[in-house]
Amino acid sequence: MAPTTDLLKAPKKDTPVFSPENVTVLFVLGGPGAGKGTQCANLVRDYGFTHLSAGDLLRAEQEREGSEFGEMIKEYIRDGKIVPMEVTVQLLENAMTAQVEKDKSGKGKFLIDGFPRKMDQAIKFEETVCPSKFVLFFDCTEEEMQKRLLERGKTSGRADDNAESIMKRFKTFVETSMPVVDYFEKQGRVTPEAVYKETRGKLEQRLGKEF
Ligand code: AMP
1 MAPTTDLLKA PKKDTPVFSP ENVTVLFVLG GPGAGKGTQC ANLVRDYGFT HLSAGDLLRA
61 EQEREGSEFG EMIKEYIRDG KIVPMEVTVQ LLENAMTAQV EKDKSGKGKF LIDGFPRKMD
121 QAIKFEETVC PSKFVLFFDC TEEEMQKRLL ERGKTSGRAD DNAESIMKRF KTFVETSMPV
181 VDYFEKQGRV TPEAVYKETR GKLEQRLGKE F
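In UniProt numbering, the protein residues as written are 1 to 211.
Shown next as structure tokens:
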């Protein structure tokens, strides 16, 4: 999991912090339980991406001692609501900066998983942090996702892998996050995914084998 450094109070910026020449960003979207995390793990193994899950970063911030956002994040997650973008975008930027600095080459390849889930954060991130190359979209039926999440809930210890929170998360996904997928789709920036073999083929088509 990526570290969370001191949050917020970043100066207002007009140009993105990272140039897409140096930093490859792929957004990874799909409903809760669609398999985003599993697919990201495969892509990390095969292409050396850094995997940043918005949900994981928020949970880490929630647990961070002294965080002024802990209680707020907890409530939003339990209710399946979208945490305000000021927090989420800044956590991602911090994690990306830490990774690019660690790498020393000034370059990076990121899978940003579970983000953007709302239009405002999509626009804010691309304007101030880094434009994304494209979006990997994992489609899955609600029935299947619910089954997986309830199964995961037996051991995940997550406050939102229960029937009530799951219903709320599905509602948020349909009402708030699908419009983001549609927005990128209209720009020809969505790659729909079914199985991992296809993901690899399409990724190499769009980025080249040796990217
Ligand atoms: P996930 O780990 O992706 O299932 O996300 C769990 C919860 O974290 C979501 O239901 C939201 O409450 C919150 N969350 C995850 N990603 C985002 C995001 N991009 N923006 C705001 N809130 C988010």
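No residue lacks a Cβ here, since even glycine has one placed at the ideal position from N, Cα and C.
Rounded to whole angstroms, the gap between the alpha carbons of residue 144 and residue 104 is 42 Å.
Ranking 77, 100, 81 by CA distance to the CA of residue 25 puts 100 first. Relative to the ligand AMP, the beta carbon of residue 166 is positioned no closer than 7 Å to any heavy atom.
Judged by DSSP in its simplified three-state form, residue 48 adopts coil rather than helix or strand. In this structure residue 61 is in contact with residue 69, their Cβ atoms being roughly 6 Å apart against a cut-off of 8 Å.
Contact holds between the segment 192-202 and the segment 134-142, because three or more Cβ pairs, one in each stretch, are under 8 Å apart. With contacts defined by Cβ atoms closer than 8 Å, residue 27 and residue 123 do not form a contacting pair. The segment 172-186 makes no contact with the segment 63-77, as fewer than three CB pairs between them are under 8 Å. With contacts defined as CB atoms closer than 8 Å, residue 16 and residue 127 qualify as a contacting pair. Assigned with DSSP and collapsed to three states, residue 83 falls in coil, not helix or strand. Look at residue 188 here: in three-state DSSP terms it is coil, with no helix or strand label. Cβ-Cβ distances below 7 Å link residue 189 to 134, 135 in the same chain, with the five nearest sequence neighbours on each side left out; the list follows chain order. With contacts defined by Cβ atoms closer than 8 Å, residue 116 and residue 110 do not form a contacting pair. Taking C-beta atoms as the reference points, residue 129 and residue 91 fail to come closer than 8 Å. Three or more pairs of CB atoms, one per stretch, sit closer than 8 Å, so the segment 77-86 contacts the segment 166-176.
Here residue 59 has no same chain residue with a Cβ atom under 6 Å from its own Cβ, once five neighbours each way along the sequence are excluded. Closer than 7 Å to some heavy atom of the ligand AMP: that does not describe the Cβ of residue 183. Per DSSP, residue 109 is one residue of the beta strand (DSSP E) stretching across 108-113.
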